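Take a look at the structure set out below.
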Amino acid sequence: MNRSSWNLVHLLTSSAMLIGLVISPALAGVKVIVVTGDPAPDGNGVFSVGRAGGFSSVVLNNAEQVAFTALLAGTSGGGADDTGIYYGNGTTLTKIVREGQTVPGGSNTLSSFANPLFSAFSFNDAGQVAFNSSVAVHTPDPGTHRAVFMGDGTALTQIVRTGQTTPDGNNVYQNLGDPALNDSGQVAFLSDLDGLGSGIYGHMGSMLSQVVRDGEMVPDGNGTFSRIAGNASPSDTTLNNAGQSAFVGLLTGTSGGDSDDSGIFRSDSQSLTEIARKGQNAPDGNGTFLLFSSSIAPPAINDAGQVAFLSFLDSTSGGTIDDRGIFLGDGSTIVQMVREGESAPNGNGIFSDFQFPSLNNMGQVAFHSDLNDTTGGLSDDSGIFRSDGASLVQIAREGQPVPKGTGNFLSFTDPAINEAGQMVFYASYSSFGRGIFFYDDSLGLIPLAQVDDEFLGSTIRQVGFAQKGFNNHGQVAYTFNLADGRSGIALWSIPEPSSVVLLLLGGTLLLHCRRP
């Protein structure tokens, strides 16, 4: 889209006479990436739906490539080679890795891709995938191991394997977590260690290095790490394009005992920075940090090294009505993005609870929140919001009419946000409706795929979206199930101005253009 065309759309959508922006899925740019029944790129089987559910773990990069895990039928090896990771762009499909494939350095093979097919994987703009898999080891130590690999469809590299010795030579890796991958091809992962330890490690070039591990001293010297990530088992790890990871750390040997024994930290293989600490004053002086949550997801980090995190607070003026919030820290300052007890942007209700935030490189967070004291009670007490620390924007609200079709919003999943501040989320609405919605400051809220939409000569019965299926071009990758039994993955793009229908007050057609 050229700048003059975008300005035309912005001018028209800003007009006081405009009442609607109508975008048909047929007019919007939708590419089909893969559908059940399509042949696998190597000719061994066809994409299918079965015991593992078909397509999952959909990730979209900024090169307009969609990576996914898939189940196949009619393969030469039956259950021994019927899952894999692939990527497509709407024209071609490429195999990244396949169950039963021989791993580097021997006769051992990838195996045991159960439901979910593979553990969660990362996909970068260079078309590389980092993933965690089980490995059937035939020699020299028969058995099953876990390993982290990186592949691009041409080469497959083993990053680390359980039983391998850590860089300091003191431990071996056990129970590897799902890896993170940046655009430079650097990989980071969390691992349990023998002896009940844990740590984050990185493959930042030709060899493994320690990012942080238990027993290491915190930056201010007040305590040492007793547990990395703060939960009972490895989880996702974050990694930005500067090679930094963000994590929750539990501490021991601190001067305050249990009053300062955890924190949010940022680290690479060279330096360690404290972002926030238990017992530290909140930015507005109302309370102190008490508990940093990481049981489901680690803190979010952007390429500038800013870290967004969810925290409970102690000794607040309002007690239980203002004792949690979302914050953004960079190692020098902490900004309060939103706080329990704060008024919603439209004045209807106050924030009461938050889900884990998404973060972009502009320092904006997107989040799903519940609210109290709303005019509609249970009918309007949740929504999707965006904050930059100075202003809050309401994106969608329970009880709000759905932009297309009938009914009002009922519930939401956690939203994704890109560098332009655009957002995507999945929502349910009355009349048993469900769909995926896109938000842009100029275009407003757009439904991009909904149950009962006509698609590929059939009707959509189910759609699915994950946060990693959204890129900086405003494109969205999503899964779909059709009434005729087919399933697949599609890629949606923001419509060009020539695909947009604009309506004037009273229904008079202002502009109805299509591409020549």
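Residues 192 to 707, numbered by the numbering used here, are exactly what the sequence shown covers, in order.
For each residue, glycine too, the CB sits at the ideal point set by N, CA and C.
This one's a predicted model, so the numbers in the text were calculated from it and none came from an experiment.
Residue of G396, R677 and A668 minimising C-alpha distance to V149
Lying outside 192 to 707, the shown extent of the chain, residue 149 is not represented and no answer is given.
Compare the Cα-Cα distances from K286 to each of R588, D632 and L263 and report the closest residue.
As a position in the sequence shown, residue 286 is number 95, starting the count at 1. Nearest option by C-alpha distance: L263.
7 Å CB neighbourhood of R289 in its chain, flanking five on each side removed:
Here residue 289 refers to the residue found at position 98 when the sequence shown is read from its first residue. Around R289: D272 and G275.
Under 7 Å, do N550 and A611 count as touching if we go by C-beta distance?
Taking the sequence shown and counting its residues from 1, one reaches residue 550 at position 359. Taking the sequence shown and counting its residues from 1, one reaches residue 611 at position 420. Looking at the sequence itself, residue 550 is Leu, so the reference to Asn does not match. No, they are not a contact pair.
I need the straight-line Cα distance from P592 to G520, nearest angstrom please.
Mapped onto the sequence shown, residue 592 falls at position 401. Mapped onto the sequence shown, residue 520 falls at position 329. Looking at the two C-alpha atoms, the distance is approximately 36 Å.
Could you spell out where the beta strand (DSSP E) holding E465 opens and where it closes?
By 1-based counting over the sequence shown, the position of residue 465 is 274. L463 to R468 is the span of the beta strand (DSSP E), which, as asked, contains E465.
S502 to T283 span [Cα, whole Å]
Translated into the one-based positions of the sequence shown, residue 502 becomes position 311. Translated into the one-based positions of the sequence shown, residue 283 becomes position 92. Answer to the nearest angstrom: the Cα atoms are 44 Å apart.
Is it buried or exposed for D451, if we count other Cβ within 10 angstroms and need 16 for buried?
Here residue 451 refers to the residue found at position 260 of the sequence shown. With 16 or more other Cβ atoms within 10 Å, it is buried.
Out of F671, H664 and N672, which has the shortest C-alpha to C-alpha gap to P686?
As a working mapping, residue 686 is identified with position 495 in the sequence shown. With distances taken between Cα atoms, P686 lies closest to H664.
Going along the chain, which unbroken runs of the alpha helix (DSSP H) with 4 or more residues stay wholly within the stretch 343-421?
none
Can you tell me where the beta strand (DSSP E) holding R652 begins and where it ends?
For this step, residue 652 is matched to residue 461 along the sequence shown. Note, R652: beta strand (DSSP E), S649 to G655.
Within a Cβ cutoff of 6 Å, which residues of the same chain sit near F603, ignoring the five residues on either side of it in sequence?
Residue 603 sits at position 412 when you count from the first residue of the sequence shown. The answer, listed in chain order, is H559, I575, F616 and A618.
Starting from the C-beta of G626, find all residues in its chain whose C-beta is less than 7 Å away, skip the five residues before and the five after it, and write them out in chain order.
Position 435 of the sequence shown, counted from the start, is the residue given in the question as residue 626. Result list for G626: A618, P638, A640, Q641, V642 and V654, in chain order.
Going by other Cβ atoms of all chains shown within 10 Å of its Cβ, with 16 needed for buried, is T345 buried or exposed?
Position 154 of the sequence shown, counted from the start, is the residue given in the question as residue 345. Label assigned to T345: exposed.
Simplified DSSP state of I224, which is helix, strand or coil
Residue numbering aside, residue 224 sits at position 33 when the sequence shown is read from its first letter. It is a strand residue.
Bounding residues of the beta strand (DSSP E) (the contiguous stretch that carries M614):
Your numbering for residue 614 matches position 423 in the sequence shown. Taken as a continuous stretch (DSSP letters only), the beta strand (DSSP E) holding M614 covers M614 to Y620.
Segment limits, beta strand (DSSP E) that includes S458:
In the sequence shown, counting from the first residue as 1, residue 458 sits at position 267. Element bounds for S458: S453 to S458.
According to DSSP, is K595 part of a helix, a strand, or is it coil?
Locating residue 595 in the sequence shown gives position 404, counting from the first residue. Note: K595 maps to coil in three-state DSSP.
Restricting to Cα atoms, I'd like to know which of W683, Q658 and D544 is closest to N609.
What you label residue 609 is simply residue 418 of the sequence shown in a count that begins at 1. The shortest C-alpha separation from N609 is found at Q658.
Quick check on I512: does DSSP put it in helix, strand or coil?
Along the sequence shown, one-based indexing puts residue 512 at 321. Note: I512 maps to helix in three-state DSSP.
Under the DSSP definition of a beta bridge, which residues are partnered with Q546?
The count along the sequence shown starts at 1 and reaches residue 546 at position 355. Partner(s): none; Q546 has no beta bridge.
Taking the continuous beta strand (DSSP E) assigned at F628, which residues delimit it?
Within the sequence shown, the letter at position 437 stands for residue 628. Its beta strand (DSSP E) spans residues G624 to D631.
For E465 and P454, believed in contact at Cβ under 8 Å, the rounded distance
To locate residue 454, count along the sequence shown from 1; it is residue 263. To locate residue 465, count along the sequence shown from 1; it is residue 274. For the sequence presented, residue 454 should be read as Gly rather than Pro. 6 Å between Cβ atoms; contact.
Output yes or no for whether 7 Å exceeds the beta carbon distance between V225 and I586.
By 1-based counting over the sequence shown, the position of residue 225 is 34. By 1-based counting over the sequence shown, the position of residue 586 is 395. Their beta carbons are not under 7 Å apart, which means V225 does not touch I586 by this criterion.
C-beta contact flag for D343 and G318 at 7 Å:
On the sequence shown, position 152 is the one that residue 343 refers to. On the sequence shown, position 127 is the one that residue 318 refers to. Yes.
What residues in its chain sit with their C-beta under 6 Å from that of F178, if we drop five residues either side in the sequence?
This structure does not reach residue 178, given that the chain is present from 192 up to 707, and the question cannot be answered.
So if DSSP puts K286 in a beta bridge, which residue, or which two residues, is it bridged to?
Counting from 1 along the sequence shown, the entry for residue 286 is found at position 95. BP columns for K286 point to Y277.
Assigned exposure category for A581 - 16 Cβ within 10 Å defines buried:
What you label residue 581 is simply residue 390 of the sequence shown in a count that begins at 1. So A581 counts as exposed.
Between the Cα of L634 and those of P594, M528 and G660, spot the shortest distance and give me the residue it belongs to.
The count along the sequence shown starts at 1 and reaches residue 634 at position 443. Residue P594 is the option with its Cα nearest to L634.
Tell me whether the beta-carbon of D383 lies closer than 7 Å to the beta-carbon of N323.
Taking the sequence shown and counting its residues from 1, one reaches residue 383 at position 192. Taking the sequence shown and counting its residues from 1, one reaches residue 323 at position 132. No, they are not a contact pair.
Less than 7 Å separating the beta-carbons of F438 and A420?
The residue given as residue 438 occupies position 247 in the sequence shown. The residue given as residue 420 occupies position 229 in the sequence shown. In this structure, A420 lies closer than 7 Å to F438 by Cβ.
Which one of L387, T443 and S400 has the shortest CA to CA distance from V408?
Along the sequence shown, read from residue 1 onward, the residue named residue 408 stands at position 217. Strictly speaking, residue 408 in this sequence is Met, with Val absent from that position. Checking every option, the nearest Cα to that of M408 belongs to T443.
Residues of its chain near G291, where Cβ-Cβ distance is below 8 Å and the 5 sequence neighbours each way are ignored:
Here residue 291 refers to the residue found at position 100 when the sequence shown is read from its first residue. Closer than 8 Å at Cβ, skipping near neighbours: G268, A271, D272, T300, L301 and S302.
Contact check, T348 vs L381, beta carbons under 7 Å:
Within the sequence shown, residue 348 is the residue found at index 157, counting from 1. Within the sequence shown, residue 381 is the residue found at index 190, counting from 1. Cβ atoms of T348 and L381: not closer than 7 Å.
With distances taken from CA atoms, which of E589, N472, M341 and R337 is nearest Y620?
Mapped onto the sequence shown, residue 620 falls at position 429. Answer by Cα proximity: E589.
Grouping DSSP H, G and I as helix and E and B as strand, with all else coil, what is A437?
Taking the sequence shown and counting its residues from 1, one reaches residue 437 at position 246. In the structure shown, A437 sits in a strand (DSSP, three-state: E or B).
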